[in-house]
Every structure is written in C-alpha cells, then in structure tokens.
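**Student:** Right, I'll just put the structure down here and ask away after.
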Amino acid sequence: MASSTGIQGDDFRYLIVRPDKGGIWDVLKYSLRGDIECGSKFLESSDQGVVGGEAADHRWIILVSIVARRIIHFLGKPMELTGYGVDFFLNLLSQNGSLFGLFYNLLRGDIVIPKRGTETFISAIGHLDERMDLYQAKNLVGDLHNSTPGEGIKNVELDDRATMDLCMMASKLAYENAEVVRNVVVHHWKFYQLWKATNDFEIGMPATYADALRGLLRLLGCPFLFNGALIPFVIGNHFIDYQKKKSTQVFLLCDKPKDATVILISFRGTEPFDADDWSTDFDYSWYEIPNLGKLHMGFLEALGVGNREDTASFHYHLQKRSTKHSYPEAAEVESSNEGPHSERSAGIDKKGIPPEMVEMSAYYVVREKLKTLFEEHKNAKYIVTGHSLGGALAILFPIVLVLHDETNLLQKLLGVYTFGQPRVGNKQLGRFMEAHLNHPVPKYFRVVYCNDLVPRLPYDDKTFLYKHFGVCLYYNSCFIEQKMDEEPNKNYFGITHMVPEHIIAIWELIRSLTMGYTRGPEYKEGWFSIFLRVLGLSMPGIAAHCSVNYVNSVRLGKS
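Quick note, my numbering runs 688 ahead of the 1-based positions in the sequence shown.
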C-alpha cells in the first residue's frame, strides 16, 4: 500500500534480532521447527514475510547469533572490569620500566601510578604493538610537506606501501585517548592534528574514569591549543537516550595546516574488552534500502544514522535527500510497514529529531567537519580508514554520502582502506557501491590477514545475505600478498580448515619469538602479544585479528 509521502510502504524493510526477548524454548522451537509465533517473540521485522521467509531460511545462523550475544552480554560486566584492570596493569608495568622496576620503585616508595587520559596511558591494543612511528610512510609525509598546493596529491598512490602504512598506523592509533593521538600525530608523525571526537557516555564506569569524563565534559565547547592553532575538541555523550551503550571514536588529521594535500579520517575499531562492540560484530539485524541493498543495522547505529528502538530514524537518515521527507513522515511510513508482531506498531514518536542527535552522530559531525576543511584546503582529498569495527564504519561513511547525494565530498574521496573489516551488507549493496568506488580506478581496499576471524563475520554462504565487496588484499602467515575478490575460508568455522588454522597458529607463535632476530628489533613482539598468541591457540582467529599482524603485513608484505 502506498503512503501519502510517495514512498511504498513495503520498500524499506528490516529485521531486528533481540537476544534479550523470548525464552530458550522459543528460540529452539523456531530454530528446529520454524515456529513463526515463537520466532516473533525475539524477532522484530517490517512485515510478517521476513520472519516466516528470509529469517526462517537462516534460522540456525540466527540461533548462533542469539547464543553468542547472550554469552557476550552475560560476560559484559566482567569483560569491562577485566579491561580496566588489564589496561591499568599494563601501564603500571610500562611506566615503571618492567616488573622488576615496579618492585624496585615499590621498595623505594616511588611507584609511578598511571593516569587515564594522559599521553602516557596506552590502550591494550597499543601494548600489543608498541610501534608508533611511521615506516615507509615517512617519505610520503616528507614529500607532502614539501609539495606545492595541488601537486602533492600526485605523491599519494592508493596501492602504495607508504599509503597503506599511514592508514594502518592511523587505524591502530584510533584506539588511544586524545592526548596520545595528539602526541603521536604532532610529535612523531609531524602531521597536523585537526580534530578528535570521542562519543562515550558514563554507564557503569569506575569512579576514577567517570570523574575524569565529567571533567572533560565541563570543557565541552572550549578550544584546545593544537600545534599553534585553536582547534575545537569535541567530546560528548553519544545518543545517551537515542543510542544507548554505543561508543564511536574518530579523529581527523592532515599533512599541513595550510594548503593541505591529504586529510585522513580514522575510525576506532572493536575494543577487545567491550562487550557491545563484540555483540555488534555478531548481530544479524539488517535494514534494507530500496535499490541499494541490505546493511548491517548495528554498524549503522554505531555510525549514528539510526536506532533500532525507533526504526523510523533509519528511514529518515538513510533516504535520498532529494525526497525531502521529514522525520514524522518517515515515521508514518515505518508505522505503515509494521505488522501486529512489532513492538512499535502501537505508535512512533513524531516530535522530530532532537538537534543533539545530529550533532553527536559520528557521520554528521565528520561530514560537516570535512565540508569546513575543504573550504580551507581547496586542493585536498581525503582517505577514510579503520581496523575491525572501525573498518566497517570507514566504508559505511561513503555509502551514506552516496545516499545523501554528497557529490562534492565523493569527488574529493581519494580512497578507503580497511583492515580486518567485518561484512557490512549484501551482494546488492556491493554491486551498487562498486559502481561508485571502482571508476576510474578502484578506491576501496580491504586488507585481510590470514585466518583473522572478524572479516569472516557475519556469516556468508549460498543462502546467507552478507557479502564483501571491493579489492581484497590478502596476506598469508608469511606476509605474501594476493589480490582477490574474497579471502580464503570465507566463513572460518569450516571443519576442513580447523587443523590448518591451528597449525598456522603454532607457526605464528614460533614466528613471534624469532621476528626480532630475523626481521630486526622493531619487529620484536612483547610478552603481552606472545601471551595472546598462546591463548589464541584455542581459537586462532582471535589472535590473527591483532593489529601487529596487519602492521607487519603492510611493512613486510610482498607480492
């Protein structure tokens, strides 16, 4: 049935998997017998046909998703507390020199207590790979600094090792706090840090961290002095009411403060002890856009362009801007789509989108910041990058730009580099975006290391909907690069690959113990990285996802 807005009511479709709804028997009955009534208790969709049709065809995948997310939710608080403890312990050791140094300082009464939010407090990701300096990208940075306006872009080649090195190191740096980012970008890389946004909020945080966050929030709107220029530093609570328990962190930098050649946008990836990030990776929920395809709903929420508690928000944020539908109209269309099984069929909030929703959305904030920067840097182009979940956000950013007909920004896009990125949509989405990102040359590169689990999520088989697209740069455990459409063993959990995966994990552990001797001291892995590889022998795909493998692949890789 057509709505008064001119959009067909059944055009925008979605499926939301709610692991917190329904009982274990409902899940089992739906998984084993396809009982739609039971499935409707934990599946919410735009129409009954989704629950009884497409979702029913993927019942066992939904079962795996629900079980995994329930386990992750159960472990959420222990994971959070473990993360704070691990971060503190690692920084306690590093800032006191070593375990021996810690005991020595303790005896002297001169122990160094690490403080969160400072330039010396490094994340667990940073401790896995302590390298901060650029490698092959050093020459690229020098060429950009010395270039004349409009000419420097000739030095940037998308398939060049220097560009890949810069993107990977920026993806790794995105896990750090603002002070660490500023210190590395300005003092180590000699770049010009433009802006860093941290969209977190205070839920279940230890008192010391919550106090620090409150202190930063009091500075909201105050400028910070970066590299001799006043640059606004944005921090706030990312959709406290609108997008609960979501956190997106992103920073921008450019090669010089005037007449910049390259602007780099780096999204933070999956935090190792963040249950919400891991739950997002295992989420099966999707939202379908006419003529575009299905997109992963969790990643859309992380980018700030929708909220599953109010599905009309996706319709509003993801429609073509030429249609000019208001939020109430979008809500009206969504309301017409929802059947009696939907919890939202009773009514949708039509009060309009609060201004702070847009202001704190990662997508809108970065987009508006880019527009402002291009007014100052007429000849600049930009690269978007990210590791893990950050890679998913990096490719979703231009996807939404295409939806919004942001032609000027798309023309300025130099490329997208992702590392260990999960799948974001279906095959139709891939075909749609390749038409925008492959001409005149490919602009989207997915770097995948060996048996990394995350690029194999969400699942993909002959009946499943998630598909990768773009150029895949695959590196095996010997850092040999191959260009392909899809990485080998695309679903990871195949029985035939189980033995080779564990053999390779043993080889990677042995390799980590010898890298410092065979490749040079900068490749020596610390005890924390080796410890993770030992733990990873039980599930090799987790250790393979670490950034140290991607940095080594980029720097040591050969065709």
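In this text, a Cβ means the ideal position worked out from N, Cα and C, and glycines have one as well.
Start and end of the beta strand (DSSP E) containing R1134?
**Tutor:** One-based indexing of the sequence shown puts residue 1134 at position 446. Per DSSP, R1134 belongs to the beta strand (DSSP E) from Y1132 to Y1137.
**Student:** In angstroms, rounded to a whole number, what distance separates the CA positions of R870 and I1087?
**Tutor:** Within the sequence shown, the letter at position 182 stands for residue 870. Within the sequence shown, the letter at position 399 stands for residue 1087. Cα to Cα, the separation comes out at about 29 Å.
**Student:** Could you pull the start and end residues of the alpha helix (DSSP H) that C726 belongs to?
**Tutor:** Taking the sequence shown and counting its residues from 1, one reaches residue 726 at position 38. C726 -> alpha helix (DSSP H) spans I724 to G727.
**Student:** Using only CA atoms, which one of V872, V873, L1077 and A1050 lies nearest to G957?
**Tutor:** Mapped onto the sequence shown, residue 957 falls at position 269. It is L1077.
**Student:** Grab me the residues of H761's own chain with a C-beta within less than 8 Å of its C-beta, minus the 5 sequence neighbours each way, in chain order.
**Tutor:** Locating residue 761 in the sequence shown gives position 73, where the first residue counts as 1. Excluding positions up to five away in sequence, the list reads P707, D708, A963 and S967.
**Student:** Among residues of its own chain, excluding the 5 on either side of W1195, which ones have a beta-carbon nearer than 8 Å to its beta-carbon?
**Tutor:** The residue labelled residue 1195 in the question sits at position 507 within the sequence shown. These residues qualify, in order along the chain: S1165.
**Student:** Would the beta-carbon of L790 fall within 8 Å of that of I801?
**Tutor:** Sequence index remark: in the sequence shown, residue 790 carries index 102 (1-based). Sequence index remark: in the sequence shown, residue 801 carries index 113 (1-based). No; because the gap between Cβ atoms is not below 8 Å, this pair is not in contact.
**Student:** By DSSP, does M1227 sit in helix, in strand, or in coil?
**Tutor:** Numbered from 1 along the sequence shown, position 539 holds the residue referred to as residue 1227. Coil at M1227, not helix or strand.
**Student:** Which partner residues of N1126 appear in the DSSP bridge assignment?
**Tutor:** Within the sequence shown, numbered from 1, the residue matching residue 1126 stands at position 438. In DSSP, N1126 forms no bridge with anything.
**Student:** Are the Cβ atoms of L1197 and V1159 separated by less than 8 Å?
**Tutor:** Residue mapping note: residue 1197 aligns to position 509 of the sequence shown, counting from 1. Residue mapping note: residue 1159 aligns to position 471 of the sequence shown, counting from 1. No, these two residues do not count as a Cβ contact at 8 Å.
**Student:** Between the beta-carbon of L991 and the beta-carbon of L1081, is there less than 8 Å?
**Tutor:** Within the sequence shown, the letter at position 303 stands for residue 991. Within the sequence shown, the letter at position 393 stands for residue 1081. Closer than 8 Å, so yes.
**Student:** To the nearest angstrom, report how far apart Y1147 and K1066 are at their CA atoms.
**Tutor:** Reading the sequence shown from its first residue, position 459 is the one you call residue 1147. Reading the sequence shown from its first residue, position 378 is the one you call residue 1066. Using only the alpha carbons, I get a separation of about 42 Å.
**Student:** Leaving out five residues on either side along the sequence, give the residues of the same chain with a beta carbon under 6 Å from the beta carbon of M1227.
**Tutor:** Position 539 of the sequence shown, counting from 1, holds the residue named residue 1227. Taken in chain order, the list of residues that qualify is empty.
**Student:** Nearest CA to the CA of Y1163: which residue from N1179, P1188, Y1137 and T936?
**Tutor:** Along the sequence shown, one-based indexing puts residue 1163 at 475. Ranking N1179, P1188, Y1137 and T936 by Cα distance to Y1163 puts Y1137 first.
**Student:** Alpha carbon to alpha carbon, how far is F1167 from G1245? Give it in angstroms, no decimals.
**Tutor:** Position 557 of the sequence shown, counting from 1, holds the residue named residue 1245. Position 479 of the sequence shown, counting from 1, holds the residue named residue 1167. C-alpha separation (whole angstroms): 5 Å.
**Student:** Report the residue from N784, F809 and K803 whose alpha carbon sits nearest the alpha carbon of G797.
**Tutor:** The residue given as residue 797 occupies position 109 in the sequence shown. Comparing Cα-Cα distances from G797 to each of N784, F809 and K803, the minimum goes to N784.
**Student:** How far does the alpha helix (DSSP H) with T851 in it extend, from its first residue to its last?
**Tutor:** The count along the sequence shown starts at 1 and reaches residue 851 at position 163. R849 to L861 is the extent of the alpha helix (DSSP H) around T851.
**Student:** Is the segment 855-873 close to the segment 804-814, with three or more CB pairs under 8 Å?
**Tutor:** Contact between the segment 855-873 and the segment 804-814 is present, because at least three Cβ pairs lie under 8 Å.
**Student:** How would you call R757, buried or exposed, if buried means at least 16 neighbouring beta carbons within 10 angstroms?
**Tutor:** One-based indexing of the sequence shown puts residue 757 at position 69. By the 10 Å Cβ count, R757 comes out buried.
**Student:** So what's R701 in DSSP terms, helix, strand or just coil?
**Tutor:** Taking the first residue of the sequence shown as position 1, residue 701 is located at position 13. Reduced to three states, the DSSP call for R701 is strand.
**Student:** Would you check if the segment 1051-1066 and the segment 966-984 touch, i.e. whether three or more CB-CB distances between them fall below 8 Å?
**Tutor:** Segments in contact, no.
**Student:** Could you name the residues that DSSP lists as bridge partners for F1107?
**Tutor:** Residue mapping note: residue 1107 aligns to position 419 of the sequence shown, counting from 1. DSSP output for F1107 lists H1075 and V1135 as bridge partner(s).
**Student:** If we count Cβ pairs, one from each stretch, closer than 8 Å, do we get three or more for the segment 1197-1211 versus the segment 1119-1134?
**Tutor:** The segment 1197-1211 vs the segment 1119-1134: no contact.
**Student:** Cβ atoms of L854 and L822: under 8 Å apart, would you say?
**Tutor:** Here residue 822 refers to the residue found at position 134 when the sequence shown is read from its first residue. Here residue 854 refers to the residue found at position 166 when the sequence shown is read from its first residue. It is a contact, given that the beta carbons lie within the stated cut-off.
**Student:** Who does C1160 pair with in a DSSP beta bridge?
**Tutor:** Here residue 1160 refers to the residue found at position 472 of the sequence shown. Answer by DSSP bridge pairing, in chain order: R1134 and M1172.
**Student:** With burial defined as no fewer than 16 other Cβ atoms inside 10 Å of the residue's Cβ, what is the status of F987: buried or exposed?
**Tutor:** For the purposes of this step, residue 987 is identified with residue 299 of the sequence shown, where counting begins at 1. With 16 or more other Cβ atoms within 10 Å, it is buried.
**Student:** Using C-beta distances below 6 Å, list every residue in its chain close to A1231, excluding the 5 sequence neighbours before and after it, in chain order.
**Tutor:** The sequence position of residue 1231 within the sequence shown is 543, counting from 1. Answer for A1231: L1220, R1221 and G1224, listed in chain order.
**Student:** Can you find the residues in the same chain that come closer than 6 Å, C-beta to C-beta, to K1039, ignoring five residues on each side of it along the sequence?
**Tutor:** Along the sequence shown, read from residue 1 onward, the residue named residue 1039 stands at position 351. Confidence at K1039 is low in this model, with a pLDDT of 40, below 50, so its placement is unreliable and the value that follows should be read with caution. So no residue of the chain qualifies.
**Student:** With 16 other CB atoms within 10 Å as the buried threshold, where does P911 fall?
**Tutor:** Taking the sequence shown and counting its residues from 1, the one referred to as residue 911 is at position 223. Note on P911: pLDDT 30, under 50, position unreliable in the model; the coordinate value appears next. Looking at its Cβ environment, which holds fewer than 16 other Cβ atoms inside 10 Å, P911 is exposed.
**Student:** So, helix, strand or coil for D775, using DSSP?
**Tutor:** On the sequence shown, residue 775 is found 87 positions in, with the first residue counted as 1. DSSP places D775 in helix when its eight states are reduced to three.
**Student:** Taking all protein chains shown into account, do 16 or more other C-beta atoms lie within 10 angstroms of the C-beta of T1106, making it buried, or fewer, making it exposed?
**Tutor:** Start at 1 with the first residue of the sequence shown, and residue 1106 comes out as number 418. When all chains shown are included, T1106 counts as buried.
**Student:** What's the C-alpha gap between T949 and D775?
**Tutor:** Counting from 1 along the sequence shown, the entry for residue 949 is found at position 261. Counting from 1 along the sequence shown, the entry for residue 775 is found at position 87. Their backbone Cα atoms lie some 36 Å apart in a straight line.
**Student:** Going by CA-CA distance only, name the one from S1217, N1139, R1111 and P960 that's closest to H1185.
**Tutor:** Within the sequence shown, the letter at position 497 stands for residue 1185. Among S1217, N1139, R1111 and P960, the Cα nearest to that of H1185 belongs to N1139.
**Student:** Evaluate T1095 with the Cβ neighbour count: other Cβ atoms within 10 Å of its Cβ, from every protein chain shown; 16 or more gives buried, anything less gives exposed.
**Tutor:** Along the sequence shown, one-based indexing puts residue 1095 at 407. Its Cβ having fewer than 16 others within 10 Å, T1095 is exposed.
**Student:** According to DSSP, is I919 helix, strand or coil?
**Tutor:** Residue numbering aside, residue 919 sits at position 231 when the sequence shown is read from its first letter. Unreliable placement is indicated for I919, whose pLDDT of 30 sits below 50; the coordinate value is still reported in the next sentence. I919: strand per DSSP, three-state reduction.
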